[in-house]
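K.L.:
Please read through the structure below; I'll follow up with questions.
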Amino acid sequence: MSAQLTKTHSQRDTDRLVAAGWTLKSEFRVAPNDEPYEYLLAWEHGGEAAYWRAKTWDEQGCEVCRQQWLSKGEIPNMLGGANGGVLLYRCDTCGTFWEETTREAHEITEAEARKVFPHLFQEAENHA
Ligand SMILES: [Zn+2]
């Protein structure tokens, strides 16, 4: 039986595939101390490999936050930022976390938000 292989170029996509059952085989780096730029994963369960699929626009958040993004380019509850100019928002209506990059905004899970914006969660928990 030959394993199916796939590659990703981000830690987040790698995490999503590992959560779906893929095994991380290797990380490629330019230099030993660099961030990995490519990840190789294998599907070792046989049968059909499970792929993570990006949500379409209409599957993200709720009508309220989608409409705010479309009409204002932001939603009211901005929680803060992180390296690279990414911003974290949370919809007051549905509770969805949104990550805004320099190019676009998309829904992320709370676990993903904690990974990119750990300081925002620490502050919130210290004040609780
Ligand atoms: Zn919403």
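Take the sequence shown: its position 35, counted from the start at 1, is 35 in the numbering used here, and no numbers get skipped.
All residues carry an ideal CB built from backbone N, CA and C; glycine is no exception.
Applying the 10 Å Cβ sphere with the 16-neighbour rule, what's the burial state of Cys91?
P.N.:
buried
K.L.:
Please determine if the segment 47–55 and the segment 76–96 are in contact, where contact requires at least 3 C-beta pairs separated by less than 8 Å.
P.N.:
no
K.L.:
Should Val64 be listed as close to ligand 1, given that the test is whether its C-beta is under 7 Å from any heavy atom?
P.N.:
yes
K.L.:
So the candidates are Gln4, His119, Leu70, Phe121; which of them puts its Cα closest to the Cα of Glu44?
P.N.:
Gln4
K.L.:
Going by the DSSP bridge assignment, what does Thr6 pair with across the sheet?
P.N.:
Leu41
K.L.:
If we count the other Cβ atoms within 10 Å of its Cβ and call it buried at 16 or more, is Gln122 buried or exposed?
P.N.:
exposed
K.L.:
Check whether the Cβ of Gly61 sits closer than 7 Å to any heavy atom of ligand 1, and report yes or no.
P.N.:
yes
K.L.:
Just grab the DSSP bridge partners of Thr23 for me.
P.N.:
Thr23 pairs with Ala42.
K.L.:
Leaving out five residues on either side along the sequence, give the residues of the same chain with a beta carbon under 8 Å from the beta carbon of Arg66.
P.N.:
Trp57, Asp58, Gln60
K.L.:
To the nearest angstrom, how far is the alpha carbon of Thr102 from that of Glu63?
P.N.:
23 Å
K.L.:
Under the criterion of a Cβ to heavy atom distance below 7 Å, does Thr56 qualify as lining ligand 1?
P.N.:
no
K.L.:
Would you kindly report the start and end of the unbroken beta strand (DSSP E) that includes Glu74?
P.N.:
No beta strand (DSSP E) holds Glu74; DSSP gives it neither H nor E.
K.L.:
When every heavy atom of ligand 1 is checked, does at least one fall within less than 7 Å of the C-beta of Thr96?
P.N.:
Within the cutoff, so yes.
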